[in-house]
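Residue numbers (our numbering): 33 to 934. Glycine included, every Cβ here is placed at the ideal spot set by N, Cα and C. For reference, the structure is listed below as structure tokens.
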């Protein structure tokens with residue numbers, strides 16, 4: 033190991049796993065195993081390539097440092113600069129430290145070159161291996177993940193040929209392994225195994241084999257046995273069977289070998305070389321696995337397993353079906369005696385195999401192959417599942433789904449669940465057979481961490497969506513077992529996709545919509561876009577490593593009907609991969625439904641639409657905006673009891689951002705109004721050009737713009753750094769404005785202003801657009817300060833009308849039923865009648881009932897029944913008139929009536 037790499041790796045291991053250095057640093061011991069949590073982890077101090085847990089029977093974890101610290105192994109040109117003495121320093125370091133090879137054996141086999149992608153406008157150093165005149169293969173070695181699925185390139189056609197180590201004499205070998213990759217062949221070569229690389233699993237090296245056969249025939253030598261040792265994935269095993277049959281038909285003796293897999297991450301021969309698992313005993317195990325894969329029948333596979341294990345009964349799979357083998361030991365003894373009598377010179381192993389064919393019974397117990405992949409649990413709800421893959425013997429794709437503990441503990445329940453999740457799959461075995469089969473699979477079963485939402489997991493520092501994850505600026509694809517391998521982290525979401533469809537092809541991400549957005553909505557659209565960008569980092573902003581923000585504002589988008597609010601919000605959702613969606617109506621949702629909507633996402637907006645809807649009457653009300661107060665700080669909006677015998681409750685924190693869209697302004701307490709950044713849209717500036725731009729935004733396809741989400745979160749570090757840098761500047765700027773008095777308003781608007789400055793990291797935002805958005809936010813903060821200190825316009829109109837009517841009669845109160853001088857009690861129906869009699873326009877009672885509670889000029893107290901001073905005076909003054917009720921239901925406010933000098 034390179035000294036600088038060794039020093040950095042050792043420092044990290046001591047820090048992360050609390051190792052103790054023993055024997056002068058020759059060995060690292062007593063580290064904390066991440067799999068079992070015990071202080072049983074160890075590694076060689078001089079070459080700590082692999083960490084191993086000493087608890088072989090209960091854990092046995094093995095961790096390679098390339099998986100633990102991938103950042104140390106993904107940018108070789110930066111760490112190892114070429115010199116005149118060694119122009120291929122980066123390639124040497126990659127082959128030595130990244131692949132674990134002895135450079136003295138292979139130094140002259142390759143060269144260091146470079147590759148440049150004209151599409152992505154990025155390049156990398158490569159390790160290049162010549163394959164023939166004008167033909168080569170090269171591996172990208174600098175941050176290969178930047179190139180997507182392209183980690184290596186070919187130049188020229190390699191069909192029908194193979195690559196072989198320059199020092200290999202294939203004609204002199206008794207056994208020749210054929211693997212997929214060059215690094216696999218080099219790895220086996222390090223362990224004395226003659227190996228060649230077919231370069232891909234679907235390339236049959238017909239020309240190379242024909243040339244070798246011709247060479248051997250000319251020299252009068254016997255052909256070596258071919259060992260088809262392709263990768264252990266579905267394609268590799270399929271082609272291994274196919275090429276094995278073809279080579280046998282061409283006169284070769286052929287077998288197979290398969291690398292043993294210990295996790296969802298595929299291991300090839302190079303991985304096993306680095307893990308020290310290519311000993312003679314290991315190679316014998318891989319040949320045995322290859323024999324099982326190539327077995328022509330279920331009975332033959334059972335024979336191979338029995339010979340290897342001597343177990344009298346066991347479950348095994350063949351052709352994606354599950355079988356059970358059982359041998360009668362007494363019958364086996366009798367049959368062996370009979371075979372010995374008939375064949376005196378037969379070897380004992382052959383005697384046993386012959387007798388087993390008669391004494392052993394193979395029974396099909398499932399028409400499919402159910403395989404336990406891993407265990408997953410939801411800590412929040414204390415639920416757990418086993419995740420299965422069910423494969424079929426026909427061409428149908430395997431089905432993957434969950435089984436509960438009760439469903440795997442009983443053959444009857446297992447059969448029912450299997451029929452439910454995998455159409456046509458049938459289990460006919462017993463409880464004992466199921467237990468024996470699953471017990472073997474569940475030994476040291478992998479655990480996958482789960483989240484019950486979509487988006488950013490603060491605990492894992494990772495964005496997790498249905499089919500893609502992002503951590504530290506890197507994209508991770510969902511693996512074949514439906515979870516994400518993110519370094520040491522195995523994680524998945526059990527919620528679903530929330531309708532997000534993300535285009536991972538960043539070349540398809542268009543930017544021309546930014547100008548359309550400006551033309552359609554102006555600076556207000558840039559403000560909304562900045563808030564939307566900030567919603568993708570709201571968890572980090574609330575946590576704030578540099579500045580403890582602890583909160584994130586709400587965005588209110590209101591205005592006249594037809595002003596384009598829905599068009600704007602639906603387009604912003606397209607940027608996150610969600611099509612034809614605006615939000616949900618909280619006034620139509622139950623409390624549990626609202627709580628679930630708030631808990632479904634993290635670092636995404638939750639849009640509430642038409643929350644101002646309400647109907648006249650006490651039984652149907654609009655949404656109470658005060659429910660949102662805790663969401664401002666990321667706290668739970670609702671708690672519920674768990675189904676336990678204790679006092680446990682479930683209070684999921686709010687992990688997203690709140691967007692409010694409706695026609696009327698939010699009617700709520702001052703505490704809620706201070707939490708809002710307010711955008712008002714009207715139709716005043718609309719024109720043919722704005723209409724055309726809005727129309728173009730509506731027709732924009734999700735696939736063209738949904739790259740915004742990935743492009744943004746891939747720049748997480750740069751955006752958060754700029755936000756932390758700019759936020760104090762704008763906070764100080766707004767704090768100096770004499771028209772803004774509330775510090776909460778200062779903070780909220782300063783946060784969005786800092787996010788406007790972050791937009792150019794992702795988008796080509798013109799400077800004039802950015803400056804206009806900043807001016808818009810300053811204006812919004814001032815207007816918000818004024819709005820908080822004033823009553824709602826409907827409330828102001830209500831009191832103006834009240835004072836006008838009351839001042840018309842200097843002697844008696846006309847509308848105030850209160851008897852106390854310091855109260856005003858108004859019956860809205862009475863008020864409506866008086867206004868109609870005087871031909872005055874009172875605002876609709878439905879609208880008034882929503883806003884009167886927020887009255888500040890005359891503070892609202894209660895809605896209650898009062899003894900009416902007006903009715904009492906009428907009953908006294910007009911004893912012969914119909915008597916009015918003594919009590920009236922009134923809205924009661926603090927203050928004095930107009931004719932009392934209020």
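{"Item": "Which residues in the same chain as residue 95 place their Cβ atom closer than 6 Å to its Cβ, once the five residues preceding and following it in sequence are excluded?", "Value": "83"}
{"Item": "Which same chain residues end up closer than 6 Å to residue 421 when comparing Cβ atoms and leaving out the 5 residues on each side of it in sequence?", "Value": "403, 405, 430, 432"}
{"Item": "Starting from the C-beta of residue 62, find all residues in its chain whose C-beta is less than 7 Å away, skip the five residues before and the five after it, and write them out in chain order.", "Value": "51, 52, 71"}
{"Item": "Note down the Cα distance separating residue 794 from residue 184, rounded to an integer number of angstroms.", "Value": "29 Å"}
{"Item": "Could you tell me the boundaries of the beta strand (DSSP E) in which residue 96 lies?", "Value": "94 to 96"}
{"Item": "Does residue 356 come out as helix, strand or coil in the three-state DSSP assignment?", "Value": "strand"}
{"Item": "For the alpha helix (DSSP H) containing residue 970, name the first residue and the last one.", "Value": "Given a span of 33 to 934 for the chain in the structure shown, any question on residue 970 remains unanswerable."}
{"Item": "What is the DSSP secondary structure of residue 594, reduced to helix, strand or coil?", "Value": "coil"}
{"Item": "Where does residue 236 sit, in a helix, a strand or coil, going by DSSP?", "Value": "coil"}
{"Item": "What first and last residue would you give for the beta strand (DSSP E) that runs through residue 692?", "Value": "687 to 694"}
{"Item": "Of the choices 753, 641, 740, 779, whose alpha-carbon is the least far from that of residue 764?", "Value": "779"}
{"Item": "In whole angstroms, give me the CA-to-CA distance for residue 168 and residue 188.", "Value": "7 Å"}
{"Item": "Pull the bridge partners of residue 432 from the DSSP assignment, please.", "Value": "421"}
{"Item": "Tell me the DSSP secondary structure of residue 172 in three-state form.", "Value": "strand"}
{"Item": "Which term fits residue 1005, buried or exposed, when burial requires 16 or more other beta carbons within 10 angstroms of its beta carbon?", "Value": "Past the boundaries of the shown model lies residue 1005; the chain is included only from 33 to 934, so the question cannot be answered."}
{"Item": "Compare the Cα-Cα distances from residue 882 to each of 871, 856, 923 and report the closest residue.", "Value": "923"}
{"Item": "Does the count of Cβ pairs from the stretch 712 to 728 and the stretch 503 to 517 closer than 8 Å reach three?", "Value": "no"}
{"Item": "Apart from the five residues on each side of it in sequence, which residues of its chain come closer than 7 Å, Cβ to Cβ, to residue 66?", "Value": "520"}
{"Item": "Please list, in chain order, all residues of the same chain as residue 48 whose beta carbon is under 6 Å from its beta carbon, the five residues on each side excluded.", "Value": "none"}
{"Item": "Could you pull the start and end residues of the alpha helix (DSSP H) that residue 451 belongs to?", "Value": "443 to 453"}
{"Item": "Is residue 887 buried or exposed, if buried means 16 or more other CB atoms sit within 10 Å of its CB?", "Value": "buried"}
{"Item": "Could you tell me if residue 624 is buried or exposed, where buried requires 16 or more neighbouring beta carbons within 10 angstroms of its beta carbon?", "Value": "exposed"}
{"Item": "Starting from residue 495, trace the beta strand (DSSP E) both ways and give me its first and last residue.", "Value": "494 to 496"}
{"Item": "Determine the direct distance from the alpha carbon of residue 547 to that of residue 719, and round the result to whole angstroms.", "Value": "16 Å"}
{"Item": "Quick check: the Cα distance between residue 591 and residue 498, rounded to an integer number of angstroms?", "Value": "35 Å"}
{"Item": "Kindly indicate the opening and closing residues of the beta strand (DSSP E) around residue 897.", "Value": "892 to 899"}
{"Item": "What would DSSP say about residue 339, mapped onto helix, strand or coil?", "Value": "helix"}
{"Item": "Looking at C-beta atoms only, is the number of pairs between the stretch 357 to 377 and the stretch 444 to 463 that lie closer than 8 Å three or more?", "Value": "no"}
{"Item": "Would you report the Cα separation of residue 651 and residue 804, rounded to the nearest angstrom?", "Value": "Bear in mind that the predicted position of residue 651 carries a pLDDT of just 40, short of 50, making it too unreliable to give a figure here."}
{"Item": "Locate the alpha helix (DSSP H) running through residue 698, then write down its first and last residues.", "Value": "Note, residue 698: premise wrong, no alpha helix (DSSP H); not H, not E."}
{"Item": "Taking buried to mean at least 16 other C-beta atoms within 10 Å of its own C-beta, is residue 936 buried or exposed?", "Value": "Given a span of 33 to 934 for the chain in the structure shown, any question on residue 936 remains unanswerable."}
{"Item": "Got a sec? Which residues, its chain only, sit under 7 Å from residue 890 by beta carbon, not counting five neighbours each side?", "Value": "831, 856, 925, 926, 927"}
{"Item": "What separation, rounded to the nearest whole angstrom, lies between the Cα atoms of residue 864 and residue 833?", "Value": "11 Å"}
{"Item": "Give me, in chain order, the residues of the same chain whose beta-carbon lies closer than 7 Å to that of residue 336; leave out the 5 immediate sequence neighbours on both sides.", "Value": "323, 324, 327"}
{"Item": "Closer than 8 Å is the cut-off here; do at least three beta carbon pairs connect the stretch 719 to 738 with the stretch 548 to 557?", "Value": "yes"}
{"Item": "If you drop the 5 nearest sequence neighbours on each side, which residues of the same chain put their C-beta closer than 8 Å to that of residue 615?", "Value": "601, 638, 639, 640, 641, 691, 693"}
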